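Worksheet for the structure shown next.
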Amino acid sequence: RQDWLAGGVQFDSPEASYDGLFKRGLLGTALHLDGAHGGVIAGMHNGAYPYVWPRDAAWAAITLARTGFVGEAQEIFRFLRDIAFRDVEGWGRKGFWKQKYSTDGYTIWGNPQVDETSCYPWGVRFIFDVTGDLQFLADHYDEVYDAGLASSQTSTFDGRLRYDGVFNLVDSMSLWEDAFGLFNYSNASVVRGLEDAAAIADILDQSVCPGGPGMCGYHADRALFLARAGLVRGGLDARLAWNGENTDISQLGITYPFEVYPAGHPRAQLVLDRINGFQPDAFGNFQPLVRGGAIPEWQGMVDRYWGDGYWNGGPWFLTTLWFGAYHALRQDVSPGTADIDIHKQKVDLMIGAAGPMGFGAEQIARNSTLKYTGQTDYRLQTAFPNAWESMSFLTDALMLFLGWTPDADGNTLRLRPKLPGAWGFMEYANITMGAHRLGVRVERAPKRAWHTLTNETGAPVNFETVVRLASGDAVCAVLVNGAPSAYTHNAGVHAVTVSGAMATGAGAVTSVQVFSRPPADVSENGVVDFDDITRVLSDWLESGAPYSGSDTNGDGVVDFDDITQVLSDWLDSCS
């Protein structure tokens, strides 16, 4: 559809390359969708890739739901539910999803990778968080239940997928499809899937169970899934403490995207330190994955795992962006902009590595190992473009700056925006949450930061947003639409959390401002005085966004009301 992009999130930033990347990432993902059966193929060019991997499909579906393309995301799960073949297990229900499928659901590779199954509840829960659609949960609950069982016990059909009761971990093929065993990423995915399956069971128990909660069996399912998740959590924690798994970027999956451990947790930090080459494994080996300057065209990019020799062992789009994504989450618990700047740096590298049409690929070749005859500079390798491994991940990388956690069920826009140090603003419009369409503009200036929230469709909706200040700046005033507001101050990260109801009516604006100076101190000399009257007069009758420039009272124009505001705050300071 020619206007397809207009139906989703719109992104604006100070860098045109980022604005174009956001659109290209979505279009590149859309090119992989199968309109007939609903699936999404993994990639193009390479003949092994025009097939559906359930894991890749779930990641892509989450990207699409996050950016407002809910129908396409739901279609992907229709494919996984109705089209993709699964064998019946000895316990009488369908078992694990296979490694990859044709677009009409035939098994192409049948190896058991547990994350191809545990991703099902994760994706269904995320789509519900975006939509609040209880019927969608109910329509997919049988498969959510199947996934919970099949991802946490030994298959009777293929014993290579098995629950190891000694370590309380699930043994299967790795994410990279080149080994069988116990893997941290795979088991983090199992924990996420089981906990989301439990959450889905609880939502249905509380919301749709005839006769009331506890009368339909959902509560028993919830208890089962939480018990199994607890066992695997314990096994995963012990394995991470052991620190003996080969250094692998996918281990950051314990934080992004599965959030088994928060960013900055010692378990996650050790994984990151090993990837950087700062810490050894259990055997004393240092195995850095971040490329130095020995191969200039790879500098700063990130490999999959230590010893990777696939297609000459070049770094991947996916792995470089994954490294950045962890830092984007860690910025939520860190002051300043250092972590989000690392994330941006990795996106910058991938923009530079993209092909002439702006498409990414699975892997990036060095100049001396180009694979294609006659090519002197085309460095995209293996599959290009591809969905999860480049295009949808590029889109997710830009959504991470916004820090949006969907909560349609709670009717709340939850934000933790993180402006890179080089940016003064960023804007997201047409965010889909339930029946709402919402907009967010994040801006920063000396001694001031503000979020402009637009209720595009107008119905009642709440907000919770985190406004970050520069390191060392004190909180002088917090205003919502010009009125003092309650807030929570996190001094450790120099951030303020503000919540409330958004203004209603189509296009209504809610302005959340945090000042490190008196709001009427528009001259920014630390006190409200004659300099501020002079500044207001110099900007006389200018108009623009509420509370911008010398518009101290938020009516969108600099006039007598702003002189009045300055006089009412005369000699105010933050001391």
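Using our numbering, the letters of the sequence shown correspond one by one to residues 55 to 629.
From the three backbone atoms N, C-alpha and C, an ideal C-beta is built for every residue, glycine too.
From a predicted model like this one, the values you see are computed outputs, not experimental measurements.
CB of residue i within 8 angstroms of CB of residue j, strictly
i: V531; j: A114; result: One point to set straight first is that residue 531 is Ala, not Val, in the sequence displayed. Not closer than 8 angstroms, so no.
i: V286; j: S206; result: yes
i: G409; j: F438; result: yes
i: D450; j: T117; result: yes
i: N516; j: G608; result: no
i: T606; j: D613; result: no
i: S570; j: R502; result: yes
i: V550; j: V529; result: yes
i: D9; j: P166; result: Outside the shown range of the chain, which is 55 to 629, sits residue 9, and nothing can be said about it.
i: Q429; j: I418; result: no
i: K472; j: F447; result: no
i: A242; j: F150; result: no
i: Y239; j: D259; result: no
DSSP state of residue i mapped onto helix, strand, coil
i: F455; result: coil
i: M487; result: strand
i: D291; result: helix
i: Q260; result: helix
i: R276; result: helix
i: T210; result: coil
i: M98; result: coil
i: M227; result: strand
i: Q385; result: helix
i: K398; result: helix
i: V63; result: coil
i: I617; result: helix
i: Q189; result: helix
i: W370; result: strand
i: G363; result: coil
i: F234; result: strand
i: R433; result: coil
i: R216; result: strand
i: N440; result: strand
i: V106; result: strand
Candidates the options: closest to residue i by CA position
i: V184; options: V568, P460, L467, G101; result: P460
i: L372; options: R358, Q260, N366; result: R358
i: V375; options: A407, T430, G367; result: Inspection of the sequence shows that residue 375 is occupied by Leu rather than by Val. With distances taken between Cα atoms, L375 lies closest to A407.
i: G368; options: G177, E518, L343; result: L343
i: R468; options: T449, L492, A96, M445; result: L492
i: A462; options: G478, G488, T449, M480; result: G488
i: A524; options: L533, A540, E497, E518; result: E497
i: G288; options: A70, V244, A379, N579; result: V244
i: A111; options: L403, A283, T157; result: T157
i: V576; options: L625, Y105, M480, P267; result: L625
i: L223; options: L248, E231, H490, F211; result: L248
i: H194; options: K501, I254, G235, I162; result: I254
i: G202; options: D225, R246, S226; result: R246
i: V611; options: T618, S602, S597, G603; result: S597
i: P538; options: A90, Q567, S228; result: Q567
i: A545; options: G526, G559, A560, A557; result: G526
i: Q399; options: E443, N421, Q353, G361; result: Q353
i: R147; options: H99, R109, T210, W163; result: T210
i: L326; options: D302, P104, L507, R78; result: D302
i: L621; options: G363, Q56, G89, P572; result: P572
i: P104; options: D593, W163, A119; result: W163
i: S226; options: Q153, W477, A96, F65; result: Q153
Beta-carbon separation (whole angstroms), residue i vs residue j, contact threshold 8 angstroms
i: Y199; j: D275; result: 6 angstroms
i: R470; j: D386; result: 5 angstroms
i: L324; j: N297; result: 7 angstroms
i: G512; j: A555; result: Actually they are not in contact, since the Cβ atoms of G512 and A555 sit about 13 angstroms apart, beyond 8 angstroms.
i: L215; j: V178; result: Not really, about 21 angstroms apart at Cβ, beyond 8 angstroms.
i: M445; j: T121; result: Going by Cβ atoms, the distance from M445 to T121 rounds to 12 angstroms, so no, they are not a contact pair.
i: H505; j: T519; result: 5 angstroms
i: D335; j: R328; result: 6 angstroms
i: Y380; j: L306; result: 5 angstroms
i: Y160; j: F139; result: 6 angstroms
i: V590; j: S604; result: 5 angstroms
i: V63; j: N484; result: 6 angstroms
i: D66; j: D73; result: 6 angstroms
Proximity test, residue i beta-carbon vs the ligand NAP heavy atom, cut-off 7 angstroms
i: P410; result: Of the ligands one can find in the structure shown there are none, so the ligand NAP has no counterpart to examine.
Practice task
Within the stretch 535-605, note down every full alpha helix (DSSP H) run reaching 4 residues or more, in order along the chain.
Solution key: 584-592
Problem - Those runs of the alpha helix (DSSP H) which lie wholly inside the stretch 296-335 and span at least 4 residues - result: 320-330
Exercise for the section: Report the residue ranges of all alpha helix (DSSP H) runs contained in full by the stretch 466-521; include only those spanning at least 4 residues, in chain order. Expected result: none
Practice task
Please list the segments of the beta strand (DSSP E) lying wholly inside the stretch 109-174, counting only runs of 3 or more residues, in order along the chain.
Solution key: 161-163
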